[in-house]
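Residue numbers (the working numbering): 904 to 1319.
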């Protein structure tokens, strides 16, 4: 049976849904949807009816593309007040032959979780650091090894219960089962990391619509996270206020006309708009890019301060992702703030052209890694009947526009 996975990222500006197929240790993107979200502010659900309508629209788009109904999904939940706690545990290996199985791994992580779990919090995930068998330590995957005692060191990720229940309840209200949850800051590292990062300390900054997430990682595992209450929508607000235009027009100008760095903008390139007073106004690219750049500099400078608060250790990499980071010449502003070594997230090699999908993609990769660690080889969120329907549908959609991203290949090696 084909292994197919669906992931949803419910953001303040857009709801992103992606569907991927795992084949020969690669991910193939089957479909991706991004629709404007309503009823969600700063990552939290504020109007259940509007949020439900937006969520339905996102899944409707995917289901039309694929020709099958989505029944199961991995969901990202808000990272507000998330805690990342170091914990450890050990168990006696249950089998008579002393060979470690996936069940043993689940049990030892459960023991590690129980030792530190607080009543007011809900578990999001347990991220293993490494395992030990008797006197042998720093084992990444102990399955198949022999011993008498299995130990585990892990980072336990928890959030307030309402962060999880609100998202899970919303998704399940439209008839879709949530099979796993994660945080976007976990998804980001799995979408963007390479082998070098698994031995380094670094940070990922995700500039979203209304919030910016700053996350610290040690050897590819998240250890701290902070949230800044600013994002891409603040750029829209600035343009709207200064130019006296509606915010949706300001957003369009930001996305279609402005540059992230004024150095490369032209005073001769103009854009005609109607103000709130129905007056015609021409703005040049330099003026609007200056507005954009000022706000981006502020956000990134605050993010830099947050990194220094999160750790006093030397940072070996800084990656910036999120939808705003796709603005033209964004990397020049990032270099002004962080220096030449900063990188902008690039998941183009995986078939997705926009950084707004990094979290949803990464959460699928993380989910697959968990399945492999537990020894679960054949898992799919689609039934056999769904897969048959999907296969017949895809034969007729191979020439569909690139904008739908159907049939593209991620080429992301899960072992990397």
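Beta carbons are placed, not taken as given, at the ideal position from N, Cα and C, and that holds for glycine. All of these numbers come straight from a predicted model, not from anything done at the bench.
Relative to the C-alpha of residue 1248, which candidate in 1100, 918 and 1108 has its C-alpha closest?
Here residue 1248 refers to the residue found at position 345 when the chain shown is read from its first residue. Checked all of 1100, 918 and 1108; the closest Cα to residue 1248 is 1108.
For residue 1231, which residues in the same chain have their Cβ closer than 7 Å to its Cβ, ignoring the five residues on either side in sequence?
The count along the chain shown starts at 1 and reaches residue 1231 at position 328. Excluding sequence positions up to five before and after residue 1231, its CB lies within less than 7 Å of the CB of 1162 and 1163, all in the same chain and listed in chain order.
Apart from the five residues just before and just after residue 1353, which ones in its own chain have a Cβ nearer than 6 Å to its Cβ?
Absent from the model: residue 1353. The displayed extent of the chain is 904 to 1319, so no value can be given.
Residue 912 and residue 1262 look like a contact to me (Cβ under 8 Å); what is the Cβ gap, rounded to whole Å?
Taking the chain shown and counting its residues from 1, one reaches residue 912 at position 9. Taking the chain shown and counting its residues from 1, one reaches residue 1262 at position 359. About 5 Å separates the two Cβ atoms, so the contact holds.
Below 8 Å between beta carbons: does that hold for residue 1165 and residue 1200?
Along the chain shown, one-based indexing puts residue 1165 at 262. Along the chain shown, one-based indexing puts residue 1200 at 297. No, the pair does not count as a contact, with Cβ atoms beyond the cut-off.
Can the beta-carbon of residue 1091 be found less than 8 Å from the beta-carbon of residue 1129?
For the purposes of this step, residue 1091 is taken as residue 188 along the chain shown, with counting starting at 1. For the purposes of this step, residue 1129 is taken as residue 226 along the chain shown, with counting starting at 1. A distance of 8 Å or more separates the beta carbons of residue 1091 and residue 1129.
Would you kindly work out how many angstroms separate the C-alpha atoms of residue 981 and residue 1171, rounded to a whole number?
Your numbering for residue 981 matches position 78 in the chain shown. Your numbering for residue 1171 matches position 268 in the chain shown. Taking the straight line from one Cα to the other gives about 43 Å.
Give the range of the beta strand (DSSP E) segment to which residue 1099 is assigned.
Position 196 of the chain shown, counted from the first residue, corresponds to residue 1099. Looking at the DSSP string, residue 1099 is not in any beta strand (DSSP E), and its letter there is neither H nor E.
CB contact flag (residue 1081, residue 1074, <8 Å)
In the chain shown, counting from the first residue as 1, residue 1081 sits at position 178. In the chain shown, counting from the first residue as 1, residue 1074 sits at position 171. Yes, these two residues count as a Cβ contact at 8 Å.
Let me confirm a value: residue 1364 is counted as buried when at least 16 other C-beta atoms fall within 10 Å, else exposed. Which label applies?
Residue 1364 is absent from the model: the chain starts at 904 and stops at 1319.
In the DSSP output, which residue or residues are listed as bridge partners for residue 1056?
Counting from 1 along the chain shown, the entry for residue 1056 is found at position 153. According to DSSP, residue 1056 bridges with 991 and 1033.
Which same chain residues, not among the five before or five after residue 1001, have their C-beta less than 7 Å away from its C-beta?
The residue you call residue 1001 lines up with position 98 of the chain shown. Only 1049, 1050 and 1051 meet the Cβ criterion.
How many Å lie between residue 943 and residue 1019 at the Cα?
Taking the chain shown and counting its residues from 1, the one referred to as residue 943 is at position 40. Taking the chain shown and counting its residues from 1, the one referred to as residue 1019 is at position 116. Their Cα atoms are separated by approximately 32 Å.
Cβ-based burial, residue 1066 [other Cβ within 10 Å; buried from 16]:
As a working mapping, residue 1066 is identified with position 163 in the chain shown. Taking all protein chains in view, the Cβ of residue 1066 is crowded by 16 or more other Cβ atoms within 10 Å, so the residue is classified as buried.
What is the residue span of the alpha helix (DSSP H) that residue 960 lies within?
In the chain shown, counting from the first residue as 1, residue 960 sits at position 57. Following the DSSP letters along the chain, one finds residue 960 inside the alpha helix (DSSP H) bounded by residues 951-969.
Is there contact between the region 958-969 and the region 986-994, where contact requires at least three CB pairs shorter than 8 Å?
Result no; under three Cβ-Cβ pairs closer than 8 Å.
Please state if the CB of residue 1221 and the CB of residue 1106 are separated by a distance shorter than 8 Å.
Taking the chain shown and counting its residues from 1, the one referred to as residue 1106 is at position 203. Taking the chain shown and counting its residues from 1, the one referred to as residue 1221 is at position 318. Inclusion of residue 1106 and residue 1221 in the CB contact set at 8 Å is warranted, their separation being smaller than that value.
Since residue 1269 and residue 935 are thought to touch, with beta carbons under 8 Å apart, how far apart are those beta carbons, to the nearest angstrom?
As a working note, residue 1269 is residue 366 in the chain shown. As a working note, residue 935 is residue 32 in the chain shown. About 18 Å separates the two Cβ atoms, so there is no contact after all.
Compute the Euclidean distance between the alpha carbons of residue 1112 and residue 979, then round it to the nearest angstrom.
The sequence position of residue 1112 within the chain shown is 209, counting from 1. The sequence position of residue 979 within the chain shown is 76, counting from 1. Distance between the alpha carbons of residue 1112 and residue 979 is about 16 Å.
For residue 1126 and residue 1292, what's the separation of their Cα atoms in angstroms?
Start at 1 with the first residue of the chain shown, and residue 1126 comes out as number 223. Start at 1 with the first residue of the chain shown, and residue 1292 comes out as number 389. CA-CA distance, residue 1126 to residue 1292, rounds to 42 Å.
Compute the beta-carbon to beta-carbon distance between residue 1095 and residue 1224, rounded to the nearest angstrom, for a pair I have assumed lies under 8 Å.
As a working mapping, residue 1095 is identified with position 192 in the chain shown. As a working mapping, residue 1224 is identified with position 321 in the chain shown. Sure, about 7 Å apart at Cβ, within 8 Å.
Which of helix, strand or coil does DSSP assign to residue 1106?
For the purposes of this step, residue 1106 is taken as residue 203 along the chain shown, with counting starting at 1. Reduced to three states, the DSSP call for residue 1106 is strand.
Nearest neighbour of residue 1180, chosen from 1147, 1187 and 1203 [CA to CA]
Walking along the chain shown from the start, residue 1180 turns up at place 277. Cα-wise, what sits closest to residue 1180 is 1147.
So, is residue 1302 buried or exposed, given that buried needs 16 or more other C-beta atoms within 10 angstroms?
The sequence position of residue 1302 within the chain shown is 399, counting from 1. Legend: pLDDT at residue 1302 = 28, less than 50; position of this residue unreliable, no value from coordinates given.
Using alpha carbons as the reference points, say which of 1206, 1013, 1156 and 1045 lies closest to residue 1059.
For the purposes of this step, residue 1059 is taken as residue 156 along the chain shown, with counting starting at 1. Comparing Cα-Cα distances from residue 1059 to each of 1206, 1013, 1156 and 1045, the minimum goes to 1013.
Between which two residues does the beta strand (DSSP E) holding residue 1272 run?
If you number the chain shown from 1, residue 1272 lands on position 369. Not the beta strand (DSSP E): residue 1272 falls in the alpha helix (DSSP H), residues 1261-1276.
Mind checking residue 908: buried by the 16 CB within 10 Å criterion, or exposed?
As a position in the chain shown, residue 908 is number 5, starting the count at 1. Label assigned to residue 908: buried.
Is the CB-CB distance between residue 1124 and residue 1030 below 8 Å?
Counting from 1 along the chain shown, the entry for residue 1124 is found at position 221. Counting from 1 along the chain shown, the entry for residue 1030 is found at position 127. Yes; because the gap between Cβ atoms is below 8 Å, this pair is in contact.
What span of residues does the alpha helix (DSSP H) with residue 1189 cover, start to end?
The residue you call residue 1189 lines up with position 286 of the chain shown. Residues 1188-1213.
Flag this pair as yes or no: are the beta carbons of residue 1198 and residue 1137 separated by less than 8 Å?
Position 295 of the chain shown, counted from the first residue, corresponds to residue 1198. Position 234 of the chain shown, counted from the first residue, corresponds to residue 1137. Less than 8 Å separates the beta-carbon of residue 1198 from that of residue 1137.
Mind checking whether the beta-carbon of residue 1186 lies closer than 7 Å to any heavy atom of the ligand ATP?
Of ligands this structure carries none, so the ligand ATP is not represented either.
Length-filtered (4 minimum) alpha helix (DSSP H) runs lying within the region 1103-1167:
Restricting attention to alpha helix (DSSP H) runs no shorter than 4 residues, the region 1103-1167 encloses them at 1135-1146 and 1150-1159, ordered along the chain.
Taking residue 1280 as part of the beta strand (DSSP E), name the residues at either end of that continuous run.
On the chain shown, position 377 is the one that residue 1280 refers to. It is not in any beta strand (DSSP E) - residue 1280 carries neither H nor E in the DSSP assignment.
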